[in-house]
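Down below is the structure, laid out as C-alpha cells.
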Amino acid sequence: MMVSSVALGKPDGSKVESVEVQLKISGQIYEGLQERIEFSICRVGEKILLSQPLSLLEENRQTLTQAIYNIFSKVLAGFRIETIDIGLEEHTRIMMQLVPQGPFITKVNLKTHFLDISPESEPLFRDVIMKTEAELERMFKGLPIAALPWAESIVRMVTQYLVERDFPGFRPALTLQSKPDGVVEFYLQLLPKGQLVKDVRVNYSSTTIPIGMIRSKLTVDPADLNILKGMPVEFLVHYQRDIENYLLTVFDWLPYLRKFGLDADLRLKPDEETGVQITVNSERWRTNIETRFFLGEQDYHYVQAYIGYNLEDYEVYTKVLAGEYPEGNFKIGFKIPLSTNFYGGFEYQLENHLKNVGFYYQFERGDYFHLRFGLDEAPDEAVIGIRINDHFNLELVHYDRDLAVQLMFHLW
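Position 202 of the sequence shown, counting from 1, maps to 189 under my numbering, and the rest follow consecutively.
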C-alpha cells in the first residue's frame, strides 16, 4: 500500500467539517456498486474525522491512514487497496484506488420459476428473461466473486428494479449461487400480484367477409388461451402487442387463411375477463350488407349489398340496392386512397345514368364523414356517421335538400 501525506499550514483550532471521497477502480465495475463503496468509505470517514481537530489528525496521519486501510481491507473482499491519500482540510478528501482481484464473474444465468402460472405460458416470458439476463450480465460481469457477499444488497436492489421494469405485476424472490469458472446463477421466483386474469373470451369480427363464415371455419381451442389465466393484467398491458403476435402463431388456421387470400389480426383487451378480438379480412375482396332507415320529410328504408375488389392503388366495386332507395338498384364505381383514412371516388348509377364524385374520411374511433357531389341531375349528399358499436351507426344526412336522421345496421 502506498500512503501519501500532505503537509499544509492550517489555522489553530480548525476542525474537519465535511468528508468527500474520490474513488478509482481499475477496470469496468457497475456504477451503482462503485457508488455504494464510495458511500461506505464516506460514512466511515465521517465517523472518524468529523469535528476532529486538524492539528491532532495531522500528528496521527500515519495511524489514521492505516486504520482506514485495515477497515476496508477486510470489508472490501475481492478488491486490493492500491493507494490511500488523505487531504486533511476543513473539507477533507479521502482518495482511494482499488484493484479488483479474481476470480471474476464471467457469466450470469437467470433461472426463473413462475408461481400460480400455467407451464404452457413459458414462451410468453422467453424473450423478457433473455433481455433481463443480458442486462444483469452486463452490470455484474467482471465483478470479483469474493465481493458477492457484501455486494448482495446492491445485486438484489438492481434485480428488484429490473424485475419491476421487465416483469410488471410480479413479486420477486432472489437467491444467488456461484458456480465454477465464474458462472453465477440467479434463481428468481416470481409470484403474480395485483389484478389477475380469471377468464378469457373470444370474439370475431370482419369488415370484408361475413362473420358467420369466420365462426364456422375458425375454431380457437380453449387450451391455447389457458396460458393467459392467472397472468397479471399489468403484464398483459405492458407486453400486449408481443403477446398478440405470439397467440397468432399458436393458432393453426393462420396458414389456411392465407391460402385463400385472407389475413387475421388479434387484439387483447386485458382485464380480469380478458377479451381476445380476432379480425379476419380478405386482402382483395370487400363485401358487406347494410340496411338503412331514412327518417326525413319522406321516410324510406333499403338494403345495400356491396362487393369490391382491391387493386393496390384503387378499389372497384358494385352496389346492389333493394327497397325504397330513390336512385335505383345498381351502381358501379371506384375509390382511391388520397391519404390515411381519406378516399376519393366516382360512382355511376346504371339505370338512371346518374353520376357523382365523392370523398370519404374515417376517424380512428370509427366515426366518418362522407360528401357526394352529383353531376348533371344527380342529387348531392352529405353524411356525418357516428359509430355506436360493431353493428349499428347513427347518421345525420343532408340528401337532395332534405335533412334527416338515418339509422344504419351492419348485417355483416
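For each residue, glycine too, the CB sits at the ideal point set by N, CA and C.
All figures in this text were calculated on a predicted structure; none of them were measured in a lab.
Nearest in C-alpha terms to F222, of all of L51, S108, E76 and A309, is S108.
In this structure, the beta-carbon distance from I92 to K128 falls below 8 Å. Each of L235, L390 and I198 was checked against the Cα of D208, and the nearest Cα belongs to L235. Our two residues, Y296 and L102, have alpha carbons roughly 51 Å apart in a direct line. In this structure, V142 sits away from L111, with a CB-CB distance that is not shorter than 8 Å. Between D250 and L244 a beta carbon distance of about 7 Å is seen, short of the 8 Å cut, so the two are scored as contacting.
Taking C-beta atoms as the reference points, L41 and V3 count as a pair closer than 8 Å. Note: P324 is bridge-paired with Y330 in the DSSP secondary-structure output. One thing to note: T261 has its Cβ within 8 Å of the Cβ of V187. For K246, the three-state secondary structure derived from DSSP is helix.
Excluding sequence positions up to five before and after H397, its CB lies within less than 6 Å of the CB of E277 and H378, all in the same chain and listed in chain order. Judged by beta-carbon spacing, F333 lies beyond the 8 Å limit of F346, meaning their Cβ atoms are not closer than that value. The residue from Q88, I230, K166 and R48 with its alpha-carbon nearest to that of D114 is I230. In the three-state scheme derived from DSSP, where H, G and I count as helix and E and B as strand, W137 is classed as helix. F112 sits in a helix when the DSSP states are folded into three classes. Between the region 277 to 293 and the region 210 to 229 there are fewer than three inter-stretch CB-CB distances shorter than 8 Å, so the stretches are not counted as touching. Between V62 and C29, the C-beta gap is not smaller than 8 Å, which leaves the two residues out of contact.
Here DSSP, grouped into helix, strand and coil, assigns P87 to strand. C-alpha of V86 to C-alpha of A121: approximately 25 Å in a straight line. For E314, the closest alpha carbon among the candidates D354, E124 and G361 is that of G361. If you check the CB distance, L44 and L36 come in under 8 Å. G310 has Y289 as its beta-bridge partners, per DSSP.
Closest in C-alpha terms to Y386, from the list R374, N380 and H357, comes H357.
CA-to-CA, the gap between D363 and F280 works out to about 27 Å. Under DSSP, R359 shares a beta bridge with G345 and E368. If the five residues before and after H78 are omitted, its C-beta is found closer than 6 Å to the C-beta atoms of S5, all from its own chain and listed in chain order. P179 and G156 do touch by the CB rule: their CB atoms are close to 6 Å apart, below 8 Å.
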